[in-house]
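Peer 1: The structure follows.
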Amino acid sequence: MKTPGWKDLAQGGIIPEGGTAKKFETGDWRSRRPVWDANKCIHCLICWVYCPDGAVMVKEGKFSGFDLQHCKGCGICARECPPRAKAITMVAE
Amino acid sequence: MPKKFVAKTGNEAIAEAMRQINPDVCAAYPITPATEIMQIFANFVADGLVNTELVTVESEHSAMSACIGSAASGARTITATSSQGLALMYEMMYIAAGLRLPIVMADVNRTLSAPINIHCDHSDTMGARDSGWIQIFSENSQEAYDNMIQAVRIAERIYLPVLVTLDGFIISHAMEGIEILDDSEVKNFVGEYRSPYNLLDVDHPITVGAIDFTDYYFEHKRAEIEAMEKAKLPIMEIGKEFGDQFGRYYSLFEPYYLDDAEIAIVVMGSTAGTAKVVIRELRAAGVKAGMLKLRVFRPFLVEEIGAALASVKVVAVMDRSDGMSGMGGPLFVEIRSALYDFSSQPRVVNYVYGLGGRDINLNLLRGVFQDLLEIMRTGKITRMVNYPGVRE
Chain A
44 MKTPGWKDLA
54 QGGIIPEGGT
64 AKKFETGDWR
74 SRRPVWDANK
84 CIHCLICWVY
94 CPDGAVMVKE
104 GKFSGFDLQH
114 CKGCGICARE
124 CPPRAKAITM
134 VAE
Chain B
784 MPKKFVAKTG
794 NEAIAEAMRQ
804 INPDVCAAYP
814 ITPATEIMQI
824 FANFVADGLV
834 NTELVTVESE
844 HSAMSACIGS
854 AASGARTITA
864 TSSQGLALMY
874 EMMYIAAGLR
884 LPIVMADVNR
894 TLSAPINIHC
904 DHSDTMGARD
914 SGWIQIFSEN
924 SQEAYDNMIQ
934 AVRIAERIYL
944 PVLVTLDGFI
954 ISHAMEGIEI
964 LDDSEVKNFV
974 GEYRSPYNLL
984 DVDHPITVGA
994 IDFTDYYFEH
1004 KRAEIEAMEK
1014 AKLPIMEIGK
1024 EFGDQFGRYY
1034 SLFEPYYLDD
1044 AEIAIVVMGS
1054 TAGTAKVVIR
1064 ELRAAGVKAG
1074 MLKLRVFRPF
1084 LVEEIGAALA
1094 SVKVVAVMDR
1104 SDGMSGMGGP
1114 LFVEIRSALY
1124 DFSSQPRVVN
1134 YVYGLGGRDI
1144 NLNLLRGVFQ
1154 DLLEIMRTGK
1164 ITRMVNYPGV
1174 RE
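Protein chains in written order, with my numbering: chain A, 44 to 136; chain B, 784 to 1175.
Here's what the structure looks like:
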């Protein structure tokens, strides 16, 4: 796809639609990746509450994975996972 | 429709135009000598003569910020300021233009500090000349009134904000007889607000004012540049339409005895009025003197100005501000540049005058024309940049 030239852009530099942050894949900014241990997870969803990027996926009330297209590897999920679980570890990308 | 003549100062004329335009929002902060515009308008709001939401903000920076939010949300937005107030708005002015918002602002030209001075010169609006705003200079109260009405249409056609200037105290506070239009005539001329986009349209969510990285900023600016370049024709068309409807025609500049002029001045604002008296005197004495009264300073009309001046022998560019560049005033530099590619070129000299409201009177202007005659006679320029009226 040709990169837009100046004539192709929306007037005033506006972004003419909502929800476009999803298209910006910040996952490649990572230098560490969260790894989930299914055996330790208690599905408290505290990681989901704290994730600043909404990169913790939940299905039917249970942890279902990380959105690696958007996870920036900040490690907050691993930090906040409660001591009796410690189901998330950060590993080098 | 019978014409209605009233006595109005420049500020009153602007406020009256605003009343008839009846904008959706005004966000403003007072500063001499523009205060009266919003003060009078605030009375209109209080008396229920307009439907405007008047936002009395805490500074001019906030005023322009609020105007930007308003214009981006489907509201026709107008404000007014001067000098330090305009300067405080600068960062937001660039933003208003970059976001292509059709905000209209009256600037009552007052000089910039330091020293503090409340009187007229053009340094305030000159400081904003790269901001992307269209700039229209008024010679008197009538023009201030007419320009304000046209500004609304110009802004909403091109989607660039428009600055209408009037000289501080000289126009803003001086009473003149002007013809004002009927409320319905103004209402019909400005029409409904043509919003470029609308933040409040929840069915079509948008983001306004997002960041660009190095890969897109240039393209967005190039588009804004294009808008400014293409602004010339709509400004002329709207000026002609105004004339067709109301009898007073406006264009990019007003040539005054310029056609066959051998010596001429280029000037903006109220000084043009004074100059007309001197030019008529000179013409009566057989001197081929003329003037290019520049109305539209932004966009700067290189071809038209160059063409109008090319056959004049000696031109004095009158600047009511100094560029602090060591090379005189900003208009001087731009006029010289406009003439650069013309095969026939006048000699061009600069007169930086009237700073801080220093009077520019008939005698000083007569002196300027005498200088031009001398240059024409001798072919020699003694001083490129002159400061008439300053005490040595």
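Glycine residues also receive a C-beta, built at the ideal position from the N, C-alpha and C atoms.
Since the structure is predicted, the reported quantities are computational estimates derived from the model, not experimental observations.
List the residues of chain B whose Cβ lies closer than 7 angstroms to the Cβ of A:Gly49, in chain order.
Peer 2: As a first step, residue 49 of chain A must be located in the first sequence, where it is residue number 6. The amino acid occupying residue 49 of chain A in the given sequence is Trp; Gly does not appear at that position. Residues of chain B passing the Cβ test: Glu1002, Arg1005, Ala1006.
Peer 1: Could you give the DSSP three-state label for B:Cys809: helix, strand or coil?
Peer 2: Taking the second sequence and counting its residues from 1, one reaches residue 809 of chain B at position 26. B:Cys809 falls in the strand class under three-state DSSP.
Peer 1: Do we get a CB-CB distance below 8 angstroms when we pair A:Gly97 with the residues of chain B?
Peer 2: For the purposes of this step, residue 97 of chain A is identified with residue 54 of the first sequence, where counting begins at 1. Not one chain B Cβ lies under 8 angstroms of A:Gly97.
Peer 1: Have a look at B:Ile1021 and B:Leu949 and give me their C-alpha separation to the nearest angstrom.
Peer 2: On the second sequence, position 238 is the one that residue 1021 of chain B refers to. On the second sequence, position 166 is the one that residue 949 of chain B refers to. Cα-Cα distance, rounded: 20 angstroms.
Peer 1: Please classify B:Arg893 as buried or exposed, where buried requires at least 16 other C-beta atoms within 10 Å of its C-beta.
Peer 2: One-based indexing of the second sequence puts residue 893 of chain B at position 110. Label assigned to B:Arg893: buried.
Peer 1: Tell me, please, whether the CB atom of A:Ile85 is closer than 8 angstroms to any CB atom in chain B?
Peer 2: What you label residue 85 of chain A is simply residue 42 of the first sequence in a count that begins at 1. No - not a single Cβ of chain B is within 8 angstroms of the one on A:Ile85.
Peer 1: Give the DSSP-derived three-state secondary structure of B:Trp916 in the structure shown.
Peer 2: Translated into the one-based positions of the second sequence, residue 916 of chain B becomes position 133. Coil.
Peer 1: When you compare each of B:Met1074, B:Glu1012, B:Asn981 to B:Gly857 by their alpha carbons, which one comes out closest?
Peer 2: As a first step, residue 857 of chain B must be located in the second sequence, where it is residue number 74. B:Gly857 has its Cα closest to that of B:Asn981, out of B:Met1074, B:Glu1012, B:Asn981.
Peer 1: Report the rounded CA-to-CA distance for B:Leu1084 versus B:Tyr976, giving the unit in angstroms.
Peer 2: Reading the second sequence from its first residue, position 301 is the one you call residue 1084 of chain B. Reading the second sequence from its first residue, position 193 is the one you call residue 976 of chain B. Rounded to whole angstroms, B:Leu1084 to B:Tyr976 spans 28 angstroms at the Cα level.
Peer 1: With distances taken from CA atoms, which of B:Gly974, B:Ala863, B:Arg1005, B:His987 is nearest B:Glu843?
Peer 2: Within the second sequence, numbered from 1, the residue matching residue 843 of chain B stands at position 60. Of the listed residues, the one whose Cα sits closest to B:Glu843 is B:Ala863.
Peer 1: On the CB-based measure, 16 or more other CB atoms within 10 Å of its CB, does A:Lys142 come out buried or exposed?
Peer 2: Nothing about residue 142 of chain A can be reported from this structure: the residues present for chain A run from 44 to 136 only.
Peer 1: Helix, strand or coil for A:Glu136? Go by DSSP, reduced to three states.
Peer 2: In the first sequence, the residue the question calls residue 136 of chain A occupies position 93. Three-state DSSP puts A:Glu136 in coil, outside helix and strand.
Peer 1: If I follow the unbroken beta strand (DSSP E) through B:Arg1066, where does it start and stop?
Peer 2: As a first step, residue 1066 of chain B is located in the second sequence; it is residue number 283 there, counting from the start. Note, B:Arg1066: premise wrong, no beta strand (DSSP E); alpha helix (DSSP H) at 1054 to 1067.
Peer 1: Against chain A, which members of the segment 922 to 943 of chain B pass a CB distance test of less than 7 angstroms?
Peer 2: So the list reads Tyr942, given in the order they occur along the chain.
Peer 1: Take every Cβ of the segment 1072 to 1079 of chain B, pair it with every Cβ of the segment 1122 to 1138 of chain B, and state whether three or more of those distances are shorter than 8 angstroms.
Peer 2: The segment 1072 to 1079 of chain B, when compared against the segment 1122 to 1138 of chain B, does not touch it at the 8 angstroms Cβ threshold.
Peer 1: For a contact defined as C-beta to C-beta under 9 angstroms, what are the partners of B:Tyr980 on chain A?
Peer 2: Walking along the second sequence from the start, residue 980 of chain B turns up at place 197. Under the 9 angstroms cutoff, chain A gives Ala53, Gln54, Gly55, Ile57, Pro59.
Peer 1: If the cut-off is 8 angstroms on Cβ atoms, which residues from the segment 875 to 908 of chain B count as contacting chain A, listed in chain order?
Peer 2: Result list: Gly881, Leu882, Arg883, Leu884.
Peer 1: Can you give me the start and stop residues for the alpha helix (DSSP H) that B:Gly857 sits inside?
Peer 2: By 1-based counting over the second sequence, the position of residue 857 of chain B is 74. Run containing B:Gly857: none; DSSP gives neither H nor E here.
Peer 1: Specify, as a first and last residue, the run of the beta strand (DSSP E) that B:Thr948 falls within.
Peer 2: If you number the second sequence from 1, residue 948 of chain B lands on position 165. Per DSSP, B:Thr948 belongs to the beta strand (DSSP E) from 945 to 950.
Peer 1: To the nearest whole angstrom, what separates the beta carbons of B:Met801 and B:Ala811, a pair I think is in contact under 8 angstroms?
Peer 2: What you label residue 801 of chain B is simply residue 18 of the second sequence in a count that begins at 1. What you label residue 811 of chain B is simply residue 28 of the second sequence in a count that begins at 1. Contact flag wrong, Cβ pair sits at about 10 angstroms.
Peer 1: In terms of residues, what are the limits of the beta strand (DSSP E) holding A:Ser107?
Peer 2: The residue you call residue 107 of chain A lines up with position 64 of the first sequence. It spans 105 to 109 - the beta strand (DSSP E) in which A:Ser107 sits, taken as one unbroken run.
Peer 1: Which residues, in chain order, does the segment 967 to 1001 of chain B contribute to contact with chain A at a C-beta distance below 9 angstroms?
Peer 2: Result list: Pro979, Tyr980, His987, Pro988, Ile989, Thr990, Val991, Gly992, Ala993, Asp995, Asp998, Tyr999, Tyr1000, Phe1001.
Peer 1: Taking only three categories from DSSP, how would you classify B:Phe788?
Peer 2: Counting from 1 along the second sequence, the entry for residue 788 of chain B is found at position 5. Correct three-state label for B:Phe788: strand.
Peer 1: Output needed for B:Ala957: all residues of its chain with C-beta closer than 8 angstroms, excluding positions within five of it in sequence on either side, in chain order.
Peer 2: Within the second sequence, residue 957 of chain B is the residue found at index 174, counting from 1. Thr792, Gly793, Ser924, listed in sequence order.
Peer 1: Give a yes or no on whether the C-beta atoms belonging to B:Leu1041 and B:Ala993 are separated by under 8 angstroms.
Peer 2: As a first step, residue 1041 of chain B must be located in the second sequence, where it is residue number 258. As a first step, residue 993 of chain B must be located in the second sequence, where it is residue number 210. In this structure, B:Ala993 does not lie closer than 8 angstroms to B:Leu1041 by Cβ.
Peer 1: So for B:Glu795, helix, strand or coil by DSSP?
Peer 2: Working through the second sequence from its first residue, we reach residue 795 of chain B at position 12. Helix, per DSSP.
Peer 1: Cα separation between B:Ala1055 and B:Val833?
Peer 2: The residue given as residue 1055 of chain B occupies position 272 in the second sequence. The residue given as residue 833 of chain B occupies position 50 in the second sequence. B:Ala1055 and B:Val833: Cα-Cα distance of roughly 34 angstroms.
Peer 1: Rounded to whole angstroms, what is the Cα-Cα separation between B:Ala1058 and B:Leu1145?
Peer 2: The residue labelled residue 1058 of chain B in the question sits at position 275 within the second sequence. The residue labelled residue 1145 of chain B in the question sits at position 362 within the second sequence. Cα to Cα, B:Ala1058 sits roughly 7 angstroms from B:Leu1145.
Peer 1: Could you tell me the distance, in whole angstroms, from the CA atom of B:Asp1154 to the CA atom of B:Ile1143?
Peer 2: On the second sequence, position 371 is the one that residue 1154 of chain B refers to. On the second sequence, position 360 is the one that residue 1143 of chain B refers to. Answer to the nearest angstrom: the Cα atoms are 16 angstroms apart.
Peer 1: Round the Cβ separation of B:Ser1114 and B:Val1100 to the nearest angstrom and send it over; I've been treating them as touching at under 8 angstroms.
Peer 2: Here residue 1114 of chain B is taken as the residue at index 331 of the second sequence, counted from 1. Here residue 1100 of chain B is taken as the residue at index 317 of the second sequence, counted from 1. A small fix is needed here, since residue 1114 of chain B is Leu in this sequence, not Ser. That belief holds up - the Cβ atoms of B:Leu1114 and B:Val1100 are roughly 5 angstroms apart, short of 8 angstroms.
Peer 1: Measure from the alpha carbon of B:Phe1080 to the alpha carbon of each residue in B:Ile1062, B:Phe1036, B:Ala1044, then state which is nearest.
Peer 2: As a position in the second sequence, residue 1080 of chain B is number 297, starting the count at 1. It is B:Phe1036 whose Cα lies nearest to the Cα of B:Phe1080.
Peer 1: Measure the Cβ-Cβ separation of A:Met133 and A:Gly108 and say whether it is below 8 angstroms.
Peer 2: By one-based count along the first sequence, residue 133 of chain A stands at place 90. By one-based count along the first sequence, residue 108 of chain A stands at place 65. Result no, Cβ atoms of A:Met133 and A:Gly108 do not sit closer than 8 angstroms.
Peer 1: Beta-carbon within less than 7 angstroms of B:Gly1139's beta-carbon, same chain only, minus the 5 sequence neighbours each way: which residues are those?
Peer 2: Sequence index remark: in the second sequence, residue 1139 of chain B carries index 356 (1-based). So the list reads Thr894, Asn900, His902, Asp904, once near-sequence residues are dropped.
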